[in-house]
Structure formats: structure tokens, C-alpha cells
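Numbering (this note's numbering) for the sequence shown: 1 to 626. The beta carbon of each residue, even a glycine, is placed where N, CA and C say it ideally should be. The structure presented is a predicted model; accordingly, all values stated were derived computationally and were not measured. See structure below.
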Amino acid sequence: MYYSYVCDLAVAILSAIVLFVINMVYVPRNRRLLFVKFALCNLIYACVLSMLFYDYLLPRVGSVNDNLVYLVHNAQQISLITELLIFILYVFDLVGYKNKKAYYALGAAVLLFYILELTSVKTKIGFYIDGNTVHNGSITSLYLVWYVMAIPVLAATIIHENRIIINRIYHTVSVSFGICLATTVLQYLRHTDTYTTLTYFIPILVIVFLFHSNSYNSTYGALDREALRGRVAELTRHHSQFYFVYIRLNNFARIESDSNVIEDFKSFAERTDYTDYLFRYGEDIFVMIYNSDRYLGTLKHTIQELHTRYQLAHRVVVIPSNDACRKMSEYTEFCRYLLRKHDEDFFLAGAAEIDDFKDYLIIKKQLADIADQANLNDDRVLVYGQPIYDVRRHAFTTAESLMRLRLPDLGMIYPDVFIPIAEQEGNIHALTRVILNKVCRYLAAHDQPDRISVNFSMYEITKKEFYDDVMGILSTYRFDRARIAFEITESLNAEHLDEIRDILQKFRDLGIKIYLDDFGTGYSNLEHITNLPIDVIKFDKSLVDSSGYSERSKYLVEGMSSMFHTIGYQLLYEGIETAPDQKRCIGMQAQYLQGYRYSKPIPIEELDDFINHPPKECMDMDDSQD
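This is how it looks when you write it as C-alpha cells:
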């Protein structure tokens with residue numbers, strides 16, 4: 001019999017390396033990983049025994065103790081039988097196979113082979129020594145018989161439970177074991193045992209890479225986030241066309257213990273071809289990579305079935321590969337962006353959405369750069385002002401400062417676009433600092449208007465650096481502090497109410513006016529409002545509009561305005577667009593009126609000229625007050 005120790009030595013070294021790597025690097029620790037580690041340790045043991053038996057003891061039969069030869073041979077054969085047992089138990093655990101009869105049958109078969117091997121010297125059915133001569137009985141190697149029997153058991157288990165294992169992994173495992181079986185048979189025909197341990201090492205390596213380095217989740221037939229990252233990078237690198245499908249199943253983690261839900265969800269992976277992938281991105285989020293759009297209709301139908309059957313609320317966003325996204329993180333960000341903008345349960349992004357997202361990324365990058373630069377005179381941040389009409393003085397005496405962005409490649413960007421991005425990314429305070437600085441600079445250089453208001457996000461006021469930043473800017477310029485006002489929104493955070501009140505009072509003590517903006521859009525709490533140092537209440541355009549077409553709304557607004565006026569608040573009405581709006585609001589205790597009837601927002605540099613020389617049509621409006 002031909003034998004070379006080189007292969008066994010290489011397998012032992014490689015197994016030790018793999019075992020070392022598994023122990024040193026992070027991989028999910030679970031029961032199946034223990035099977036893998038035990039298989040590697042057992043394989044190293046088998047390699048050592050094989051080298052000892054075939055390379056040292058067998059050529060020296062007759063000169064070494066026969067019992068030592070038998071002992072090593074039995075130990076080597078039992079280790080190989082045990083190795084296949086580990087494989088079978090691993091597959092059973094992988095597919096969740098829990099048939100007790102099968103375990104009993106497996107245990108009985110393994111025990112039988114152990115007994116046959118240990119008694120082979122007496123029965124002479126296998127390897128035995130007669131004098132100085134080596135003999136093989138009717139069964140040359142018991143492990144080989146066990147090998148031929150075990151492989152079909154593995155195959156039958158995988159085939160029977162193949163709904164658990166997605167096709168590409170099922171075929172990979174099957175092919176690897178098939179190659180090993182063929183190698184074993186070839187060895188037998190050529191009367192060599194050189195590659196025996198190699199046939200065990202290959203499946204272990206396949207298992208490590210498929211099920212552990214990729215963190216394959218057999219419960220869902222899904223790979224993990226790192227595998228998703230690698231797949232997107234691979235497809236992008238090769239300029240492949242694909243569809244990134246983002247599936248959010250609300251409360252999926254809560255019901256995933258339901259076996260029926262899991263069984264239905266496994267169909268996702270099986271309704272595609274071998275080149276499509278399913279990944280678990282988060283507790284309630286899955287991602288699929290489709291090579292074509294032919295399965296999108298099936299996916300939509302399947303998701304709807306889950307919703308109907310389990311009341312599983314869902315949102316699905318599909319993004320074709322595009323030049324705006326290069327990495328997994330950009331695709332997932334694109335998906336979240338679309339989820340915020342669209343309410344559909346199933347949304348397929350098109351060219352328009354891709355262009356919008358490109359703009360979004362540019363805006364996001366520019367906002368981050370504005371924050372990083374911290375230039376209070378940043379030319380990208382523009383200040384516009386909307387003149388406000390003083391009913392009693394019949395003149396434009398105040399204005400509200402409004403923000404605009406002028407960005408390279410995009411031009412003028414309006415607040416409804418960039419403010420949500422700035423708040424989301426935590427850059428809103430950087431913009432406010434620029435606006436405040438430019439407003440203060442304008443007030444220091446101009447006598448008109450009497451007052452300009454600046455909007456502050458509630459997000460900003462609760463930040464510890466807010467007060468110091470504002471005071472730092474105010475101290476830079478010399479002007480009457482009564483000429484500036486701070487606007488806060490109605491959506492006050494009750495949790496920080498005391499802190500907000502103290503900060504606002506400090507500003508008010510300096511002479512700064514405090515406006516409550518957008519009254520009527522939030523959940524009004526009169527106690528909170530009256531406990532804050534507020535000078536002016538701004539009624540939102542929605543209240544102005546509703547008071548024009550609903551008598552009930554009109555009486556409600558009139559009642560609130562009368563109450564606020566009585567206790568000393570000044571009232572400003574926003575969104576005045578028509579003469580009836582103006583007349584109605586003047587009848588509701590209005591001191592200030594703001595809206596397109598008078599002027600759209602104009603560059604702050606033009607405010608002085610507008611106030612000193614208002615358009616004639618603005619001054620003719622007093623006729624409508626009669």
C-alpha cells in the first residue's frame with residue numbers, strides 16, 4: 001500500500017491554523033461552532049495517528065509490539081468514524097432536525113462500528129497481523145464502509161430539509177461532500193490512504209466559510225450584514241446590474257419565535273434563483289439582492305400575504321443599482337431617505353428619486369462642511385428677510401429672518417429641503433450661528449427695521465453650548481438688544497421646560513423679544529406657554545386659513561386671540577395672502593401681519609430699501625381695513 005505522510009502533515013497544520021483563527025477572531029459563538037472546533041481537534045488527532053500508523057508502525061510490523069499497532073490502528077479508525085458522526089450531528093443541528101428515532105439509529109450504528117473495530121482483531125473482518133504479515137479481512141477499512149453509509153445520511157437529511165438551506169449553500173455543501181466521497185473511492189481503488197484526512201478537512205473548511213465566517217442564519221436562510229457589505233462591494237466593483245430590496249417588517253422580532261412565520265419567511269430565499277441573496281440587516285430589517293426585476297412582483301405578493309396572515313406591517317423599498325450609491329451604507333441610507341419621503345408600502349425608486357438622492361448627498365456633505373468650517377460669514381448660507389406689517393403704525397417695522405442655501409452644482413436650496421437634513425445630521429446649530437451672526441451684523445449697520453427675529457430649533461436650545469455661542473455672537477456687535485427677537489416653536493419639550501425657561505429669561509433680561517412661532521400646529525399646552533417669557537404669539541397660517549372657511553374655527557381663533565390679547569401678549573398672524581385674510585385678522589386683535597400679500601422673503605440687504613420705500617400696492621391696503 002502506498003502512503004505519503006505529507007498530506008496528513010499538511011492537513012494537521014492547516015486544521016491547527018483554522019482552529020487558532022476561530023479562537024482568536026470574533027465569530028458568533030454557538031453550539032454549531034463547538035462542533036466545528038471538536039471536528040478540527042479530532043482531525044488533528046486522526047492525522048497524527050495516521051502518520052504514526054502508516055509511516056512508522058506499519059513498515060515495522062514484526063519488529064514492534066503488535067498490540068501497539070492494533071491500539072494505534074483502532075484509535076485512528078475510531079477517530080475517522082467519529083469525524084463523520086460530528087458532521088452528521090452538525091447537519092442535524094443546522095437544519096433543526098429533532099427526530100429522536102433518527103438519533104437513536106445513528107447512535108446504534110456508530111456504536112456498532114466502534115464494536116466492530118475494537119473486535120476486528122478477533123473476528124478478522126478487518127485489519128489484523130499474522131506473524132510478520134499484515135492482512136485485511138473481508139472489510140479492508142471499517143471507516144470506509146461507514147463513510148459510504150454516512151454520506152447518503154447527510155445527503156438525505158439535507159434533501160429532506162432543503163427548505164432550511166438556500167439553494168446555493170445546499171449545492172455547495174453537496175458538491176464538497178461528493179468530491180470527498182469520490183476521492184475516498186478512488187483511494188480505495190488505488191490502494192492508498194494518503195488523502196483520507198483531506199477528505200474530512202475540505203468539508204470542515206467549506207462549513208467554516210459558509211456558516212460561520214459569513215454568519216449564515218439557517219433559521220431564515222439569510223446571511224449577515226457583513227456579507228451584505230461584501231456582496232454590494234463585489235457587484236459594484238464589477239459594474240453588475242442588481243436590485244437592492246430593503247424590507248422593514250415592523251415588530252418582526254416580536255413574533256419571530258412563531259414557527260409558522262419562519263416557515264413562510266424562508267420562502268423568500270427559495271423563490272429566487274441561485275444568484276439572488278437574502279440578508280438580515282437588523283432585527284426587523286431584511287435585504288434582498290436581485291439580479292433582475294422578475295421576482296419583484298412575487299416578492300410584493302409574498303410580503304402582502306405575510307401582512308394579511310400575521311398582521312405584520314411592512315415597508316419595502318427597491319433601488320436599482322445606480323451611480324449615486326457605491327457602498328452598502330449608501331444604499332441603506334437611500335432606503336431610509338425614501339421611507340421618510342414616501343408612504344407607499346412597496347416603492348420602486350426611479351430616475352427622479354435617484355437624482356433627488358444625489359442632491360440629498362450633496363446637501364448633506366455641504367452641511368457637514370459648513371459645520372466643520374465654522375465660518376460665521378459662510379457665503380453658502382444666505383439670509384432672507386420677510387417684512388412684517390405693523391397694523392397700528394401702518395408701516396413695516398419688523399421682519400423675520402429666513403435661511404437659504406446657495407450650493408455649488410445645486411444653486412438655491414430652500415428650508416423645507418435642507419432643514420430636515422440639518423436636524424437629522426446634527427448641523428442645524430451651525431446654520432443658526434451663521435444666520436444670527438449675519439442678522440446681528442446687519443442690525444449693527446442699519447437703522448431699519450426696528451426688529452428682526454431669528455428662528456431657533458428646540459434641538460439647539462437644550463444644548464449646553466447654546467447660550468455661550470449666542471452670547472459670543474451678540475457681544476461682537478453693538479446695537480440695541482431690543483432690535484432682535486428669538487423665535488421658538490410651539491412643539492416644546494416638556495422634559496426640558498424649566499431649562500428652556502431659564503435660558504429664554506436670560507435673553508429677555510437683555511431686552512431680546514421672545515416669539516412663540518407656529519402656534520396652532522402642535523399640541524398646545526397653555527400652562528407651558530404662560531409659564532414661558534413670551535412677548536409675541538405667532539398664529540400659524542393654518543389657523544388663518546381655517547378661520548376663513550369655518551365658522552367654528554373662526555370663533556375658536558377669535559376666542560384664543562382675545563384671551564392672549566387680554567393677558568398682554570402681542571399677536572402676529574402668518575400667511576396673510578388676501579384682503580379678506582387681512583381684514584379678518586385685524587378683527588382678531590392682530591398687531592402684526594405677515595405674508596405674501598405684503599412681500600415674499602427678500603435678501604436681507606434689501607430690507608432697508610423696502611421699509612423706507614415700500615411698494616405702492618402695500619401702502620394702498622389700508623383701504624381693505626375699513
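- Checking the DSSP bridge columns, you'll see Leu338 has no partner listed.
- For Arg237, the enclosing alpha helix (DSSP H) begins and ends at Arg225 to Arg237.
- Secondary structure at Gln311: coil, using DSSP grouped into helix, strand and coil.
- Assignment of Thr489 by DSSP, reduced to helix, strand and coil, places it in the strand class.
- Asp480 and Leu593 have their C-alpha atoms roughly 24 Å apart.
- Remark: fewer than three beta-carbon pairs, one from each stretch, lie closer than 8 Å, so the segment 576-596 and the segment 607-618 are not flagged as touching.
- The segment 571-588 and the segment 537-551 touch, with three or more beta-carbon pairs separated by less than 8 Å.
- Spatial neighbours of Arg451 in its own chain (CB-CB distance under 6 Å, excluding positions within 5 residues in sequence) are listed in chain order as Thr398, Arg483 and Ala485.
- In this structure, DSSP gives Ile512 a state outside helix and strand, which the three-state scheme calls coil.
- Met563 counts as exposed, since fewer than 16 other C-beta atoms from the protein chains shown sit within 10 angstroms of its C-beta.
- Counting the other CB atoms within 10 Å of its CB gives Pro59 a total below 16, which places it among the exposed residues.
- Judged by DSSP in its simplified three-state form, Met403 adopts strand.
- Comparing alpha carbon positions, the residue from Ile602, Ser63, Glu83 and Thr183 closest to Leu402 is Ile602.
- Put simply, the segment 499-509 touches the segment 457-467. At least three CB pairs are less than 8 Å apart.
- When C-beta atoms of the segment 409-424 are compared with those of the segment 357-369, three or more pairs fall below 8 Å, so the two segments count as touching.
- The beta carbon of Leu443 lies closer than 6 Å to those of Phe479 and Arg483 in the same chain, with the five residues before and after it left out.
- Here the C-alpha atom of Phe177 lies approximately 7 Å from the C-alpha atom of Ile151.
- Residue range Asp66 to Val95 is occupied by the alpha helix (DSSP H) that includes Asn67.
- Partner residues in the beta bridge of Gln570, as assigned by DSSP, are Val536.
- Annotation: the continuous beta strand (DSSP E) that includes Asn455 extends over Arg451 to Asn455.
- Secondary-structure assignment with DSSP links Tyr592 through a beta bridge to Asp390 and Leu572.
- In this structure, the beta-carbon distance from Ala368 to Ile204 does not fall below 9 Å.
- When DSSP states are grouped into helix, strand and coil, Ala324 belongs to the coil group.
- The segment 84-95 makes no contact with the segment 61-70: fewer than 3 CB pairs, one atom from each, lie closer than 8 Å.
- Contact between Tyr3 and Asp130 fails: their C-beta atoms lie close to 21 Å from each other, not under 8 Å.
- For the pair Ile22 and Val148, the CB atoms are not nearer than the 9 Å cut-off.
- Between Leu223 and Leu278, the C-beta spacing is below 9 Å.
- Close CB contacts of Ala324 within its chain, under the 6 Å cut and outside five residues either way in sequence, are with Ile354, Phe357 and Lys358 (chain order).
- At a Cβ-Cβ threshold of 9 Å, Ala75 and Leu49 count as neighbours.
- In this structure the segment 368-379 touches the segment 432-439; the number of beta carbon pairs closer than 8 Å is three or more.
- A distance below 8 Å between beta-carbons, with the five flanking residues on each side excluded, links Gln448 to the following residues of its chain, in chain order: Leu607, Asp608, Ile611 and Asn612.
- Of the residues Tyr414, Ile604, Cys335 and Phe211, the one whose Cα lies closest to the Cα of Leu94 is Phe211.
- Asp345 is positioned such that its CB atom lies closer than 9 Å to that of His314.
- In this structure, DSSP gives Asn427 a state outside helix and strand, which the three-state scheme calls coil.
- Taking 9 Å as the cut-off, the beta carbon of Glu558 is found closer than this to the beta carbon of Gly587.
- For the pair Leu543 and Ala233, the Cα-to-Cα distance works out to about 51 Å.
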